[in-house]
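The structure under discussion appears below in the form of structure tokens.
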Amino acid sequence: MQVGHAALAAVIASYAPEITGVTGGPVVEAFSWEAVIVVFLAHFLPNFDVVPIRLGLAKDSFHCTWSHTFLFAILVGALLLPINPSWSFLAFVSLILHYLADSPSSVGLPLLLPFSKKRFSCYLWADTGHSGWFSFKGTYMQSWTWFLEGGMFLVLLVRAYQEGVFPFA
Amino acid sequence: MFARKLTPYLGLLFGALILLGVWHFFEYPERPFTFFQLILLYMVSVLPGMGLAMFLDPAPQALRKEFLKENFYEHPEAADKYLKKWEESCK
């Protein structure tokens with residue numbers, strides 16, 4: 001998933017009260033700045049593995065490896081836990097949903113690293129790389145990406161309507 | 170991108186059907202959608218609608234199968250081959 005990650009992150013932010021409500025900590029309001037910042041940072045964090053690739057410090061195959069594992073999600077959640085338990089759980093859920101959104105891609109995610117190198121994928125669309133024009137164009141020449149990512153933007157609009165925020169205020 | 174000229178029009182049609190579904194299932198009677206909100210919902214509904222239409226078009230399916238044979242992480246140079254091919258087809 002590429003552009004659809006933004007819609008998914010906003011949808012997660014819309015469910016912030018329900019997600020943070022289970023922690024017993026402070027409840028984060030739907031679509032609040034707090035929810036949006038925590039969710040977007042956590043949700044996009046795994047894709048920052050492109051930075052060392054762009055800097056020439058890692059190979060292209062480094063993308064979708066360590067940052068796309070349960071261990072990484074647990075570590076991020078554990079780091080945020082002493083600061084704010086609600087942020088911790090919100091970030092953990094955002095990371096897990098990032099992995100779920102990436103699971104249809106053919107590259108597969110090694111979710112169980114370092115215990116297993118097995119990559120998990122539903123193979124709904126062929127992965128065409130981590131960044132660049134070819135990656136973007138190649139992704140959006142396939143039907144599943146339009147269906148799922150476009151569908152996610154529609155879900156976002158429905159959530160905006162249900163919560164009564166712009167453009168449904 | 171498409172093998173059939175009908176595909177984009179089918180996408181628009183499927184988008185309208187998705188909009189009708191959203192309108193029927195999610196609208197609150199006390200807070201009906203305005204005309205401009207419906208236009209916005211339709212524009213976004215066309216995105217998954219286009220995906221549905223592309224399922225019926227052989228070209229995107231064939232391209233997916235072709236891409237699945239390549240590993241663009243292990244062999245990034247494979248991308249250049251396709252970019253060149255697309256550039257030539259545009260000329």
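So the sequences go chain by chain: L and U. For the first sequence, the residue numbers in our numbering are 1 to 169. For the second sequence, the residue numbers in our numbering are 170 to 260. Glycine residues also receive a C-beta, built at the ideal position from the N, C-alpha and C atoms. These numbers come from a predicted model, not from an experiment.
Neighbourhood of Tyr242/U in chain L, by CB distance below 9 Å: Lys59, Asp60, Ser61, Phe62, His63, Cys64, Val107, Asp127, Gly129 and His130, in chain order.
Assigned with DSSP and collapsed to three states, Ser105/L falls in strand. By the Cβ criterion, the region 69-76 of chain L is not in contact with the region 116-124 of chain L, since fewer than three pairs of Cβ atoms, one from each stretch, lie closer than 8 Å. Cβ-Cβ distances below 8 Å link Phe62/L to Asp49, Pro52 and Ile53 in the same chain, with the five nearest sequence neighbours on each side left out; the list follows chain order.
In the displayed model, Phe120/L falls within a strand according to three-state DSSP. Under the DSSP assignment, Ile83/L falls outside any alpha helix (DSSP H); it carries neither an H nor an E label.
The C-alpha of Leu55/L lies about 13 Å from the C-alpha of Ser131/L.
In the DSSP assignment, Gln162/L falls within the alpha helix (DSSP H) that extends over Ser143 to Glu163. Distances from the alpha-carbon of Thr128/L to those of Glu257/U, Asp249/U, Cys259/U and Ser258/U put Asp249/U closest.
Residues of the region 205-217 of chain U whose Cβ lies closer than 7 Å to any Cβ of chain L, in chain order: Gln206, Leu209, Leu210, Val213, Ser214, Leu216 and Pro217.
If you draw a straight line from the Cα of Ser116/L to the Cα of Ile96/L, it is about 18 Å long. A distance below 7 Å between beta-carbons, with the five flanking residues on each side excluded, links Met223/U to the following residues of its chain, in chain order: Thr176 and Pro229. At a cut-off of 8 Å, the C-beta of Ser14/L has no neighbouring C-beta in chain U. In summary, Met170/U is exposed, with fewer than 16 beta-carbon neighbours lying within 10 Å of its beta-carbon over all protein chains present. The distance from the Cβ of Pro245/U to that of Asp60/L is about 5 Å, consistent with a contact at the 8 Å cut-off. In the three-state reduction of the DSSP assignment, Tyr197/U falls in the strand class, which pools E and B.
Setting aside the 5 residues that flank it on each side, Ala172/U is surrounded in the same chain by Asp226, Pro227 and Ala228, each with a C-beta closer than 6 Å to its C-beta; the list follows chain order.
Note on geometry: alpha-carbon atoms of Ser14/L and Gly21/L lie some 13 Å from one another.
In this structure, Phe89/L sits near Ile19/L, with a CB-CB distance shorter than 8 Å.
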